[in-house]
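To keep things clear, I will list the structure first and then write my remarks on it.
Protein chains: 2
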Amino acid sequence: MTVGTEWMIDAEGCKPDLLRDPNVVRGLCEQVIDDLSLRVVSPELWHEFPPPGGVTGLFLLTESHLACHTYPEDGVATFNLYCCRSRPEWNWAEQLTRLLGAQRVSVRSEIRGSASTYSQVGDAVGGRGGIER
Amino acid sequence: MTVGTEWMIDAEGCKPDLLRDPNVVRGLCEQVIDDLSLRVVSPELWHEFPPPGGVTGLFLLTESHLACHTYPEDGVATFNLYCCRSRPEWNWAEQLTRLLGAQRVSVRSEIRGSASTYSQVGDAVGGRGGIER
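Chains as they are written, first to last, in our numbering: chain Z, 1 to 133; chain X, 134 to 266.
Right, dumping it as structure tokens:
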């Protein structure tokens with residue numbers, strides 16, 4: 001029984017200063033939520049890890065959840081968007097290139113709720129109109 | 134740059150009464166956290182959806198996050214455990230069979246942080262010593 005789709009987005013080569021700035025990361029997550037008309041149903045959770053660590057944000061949505069982790073020491077940011085309604089469209093590659101300076105963005109999706117479903121894997125090169133799933 | 138591993142666990146054929154009981158679902162998540170010595174770094178988030186909906190729980194961990202969604206109307210529970218340290222061992226198939234009455238449990242894992250990594254897909258049949266990754 002399929003209950004939703006999960007997108008896993010991994011961005012590499014990001015600018016460390018942006019990854020450790022909670023306002024930048026929070027703003028990015030809020031833009032995703034606004035653009036996709038997602039509904040937050042409880043207070044969001046944020047945590048700043050001590051240097052050289054980054055930030056973690058978790059949003060509990062009517063549609064399921066959005067999670068973000070940043071790793072300034074590695075130039076990496078990862079996002080999970082788990083959504084129980086039809087596939088949202090957001091240009092992760094373009095936006096993460098613009099907002100975090102990402103040099104490479106990977107977007108993968110997984111169908112959730114059924115053991116008989118299998119993975120889809122896609123790579124999207126930042127700023128070059130890569131594949132979004 | 135690899136920054137962690139994410140486990141996606143999908144359980145089907147669960148007992149609806151257990152999936153809509155926040156104490157059962159919370160207890161299960163707390164058992165995962167205790168057994169794997171994970172550290173919760175901010176208040177956990179819980180939401181109960183109106184019937185026939187289930188519950189959602191989000192835990193912000195030092196190691197990343199644990200998320201749980203239940204769908205009593207479909208007999209499904211899904212879990213995400215994102216962990217930035219070495220692979221934790223937890224027998225999801227056995228435990229979800231015991232605690233939720235799951236008839237089938239799928240455990241998948243994804244390496245996070247690198248666009249060059251690809252998916253692993255594994256199925257584990259509840260209560261029969263299925264594959265754990």
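All C-beta atoms, glycine included, are put in the ideal place defined by N, C-alpha and C.
Bear in mind that the values here come from a model prediction, so they are computed numbers and not experimental data.
Name the residue from the options whose alpha carbon lies nearest to the alpha carbon of residue i.
{"i": "residue 58 of chain Z", "options": "Z:69, Z:19 and Z:50", "result": "Z:69"}
{"i": "residue 2 of chain Z", "options": "X:246, X:163, X:144 and X:234", "result": "X:144"}
{"i": "residue 223 of chain X", "options": "X:137, X:168, X:146 and X:153", "result": "X:168"}
{"i": "residue 278 of chain X", "options": "Z:29, Z:112 and Z:15", "result": "There is no way to answer for residue 278 of chain X, as the model of chain X reaches only from 134 to 266."}
{"i": "residue 143 of chain Z", "options": "Z:81, Z:29 and Z:50", "result": "The structure shown does not extend to residue 143 of chain Z, since chain Z is modelled only from 1 through 133, so no value can be given for it."}
{"i": "residue 21 of chain Z", "options": "Z:114, Z:81, Z:94 and Z:71", "result": "Z:71"}
{"i": "residue 137 of chain X", "options": "X:214, X:234 and X:149", "result": "X:214"}
{"i": "residue 235 of chain X", "options": "Z:102, Z:94, Z:114 and Z:60", "result": "Z:114"}
State the Cα-Cα distance for the pair residue i and residue j, rounded to the nearest angstrom.
{"i": "residue 212 of chain X", "j": "residue 37 of chain Z", "result": "24 Å"}
{"i": "residue 23 of chain Z", "j": "residue 54 of chain Z", "result": "12 Å"}
{"i": "residue 151 of chain X", "j": "residue 98 of chain Z", "result": "45 Å"}
{"i": "residue 141 of chain X", "j": "residue 239 of chain X", "result": "8 Å"}
{"i": "residue 41 of chain Z", "j": "residue 92 of chain Z", "result": "23 Å"}
{"i": "residue 139 of chain X", "j": "residue 218 of chain X", "result": "11 Å"}
{"i": "residue 176 of chain X", "j": "residue 39 of chain Z", "result": "20 Å"}
{"i": "residue 104 of chain Z", "j": "residue 229 of chain X", "result": "37 Å"}
{"i": "residue 47 of chain Z", "j": "residue 208 of chain X", "result": "33 Å"}
{"i": "residue 256 of chain X", "j": "residue 242 of chain X", "result": "Interpretation of residue 256 of chain X is limited by its pLDDT of 42, a score under 50 that renders its predicted location unreliable; the figure taken from the coordinates is listed afterwards. Computed Cα separation, rounded: 11 Å."}
{"i": "residue 216 of chain X", "j": "residue 67 of chain Z", "result": "13 Å"}
{"i": "residue 64 of chain Z", "j": "residue 189 of chain X", "result": "8 Å"}
{"i": "residue 161 of chain X", "j": "residue 195 of chain X", "result": "19 Å"}
{"i": "residue 26 of chain Z", "j": "residue 33 of chain Z", "result": "11 Å"}
{"i": "residue 178 of chain X", "j": "residue 163 of chain X", "result": "13 Å"}
{"i": "residue 13 of chain Z", "j": "residue 233 of chain X", "result": "42 Å"}
{"i": "residue 149 of chain X", "j": "residue 193 of chain X", "result": "27 Å"}
{"i": "residue 227 of chain X", "j": "residue 185 of chain X", "result": "26 Å"}
Cβ closer than 7 Å: which chain Z residues qualify as neighbours of residue i?
{"i": "residue 150 of chain X", "result": "Near residue 150 of chain X there are no residues of chain Z at all, since even the closest Cβ is about 17 Å away, more than 7 Å."}
Strictly by DSSP, which residues pair up with residue i?
{"i": "residue 147 of chain X", "result": "Partner(s): none; residue 147 of chain X has no beta bridge."}
{"i": "residue 139 of chain X", "result": "X:215 and X:243"}
{"i": "residue 237 of chain X", "result": "X:145"}
Against residue i, what residues of chain X qualify as contacts under a CB-to-CB distance less than 7 Å, listed in chain order?
{"i": "residue 32 of chain Z", "result": "None at all; the shortest Cβ gap to chain X is about 16 Å."}
{"i": "residue 3 of chain Z", "result": "204, 207, 209 and 211"}
{"i": "residue 60 of chain Z", "result": "178, 180, 189 and 191"}
{"i": "residue 41 of chain Z", "result": "180"}
Identify the contact partners of residue i in chain Z, using a Cβ-Cβ distance below 9 Å as the criterion.
{"i": "residue 230 of chain X", "result": "Ordered by position in chain Z, no residue passes the 9 Å Cβ test against residue 230 of chain X, which lies about 13 Å from the chain."}
Please compile the residues from chain X whose C-beta is within a distance smaller than 8 Å of the C-beta of residue i.
{"i": "residue 113 of chain Z", "result": "143, 145, 204, 207, 209 and 211"}
Which residues in chain Z have a C-beta closer than 8 Å to the C-beta of residue i? List them in chain order.
{"i": "residue 139 of chain X", "result": "8 and 80"}
{"i": "residue 226 of chain X", "result": "Those within 8 Å of residue 226 of chain X in chain Z number zero; the least Cβ separation is about 10 Å."}
Strictly below 9 Å CB to CB, what residues from chain X border residue i?
{"i": "residue 64 of chain Z", "result": "189, 200, 202 and 211"}
Inset, instruction - Counting only runs of 3+ residues fully inside the stretch 23 to 81 of chain Z, write out the beta strand (DSSP E) ranges in chain order. - result: 45 to 48, 55 to 61 and 64 to 71
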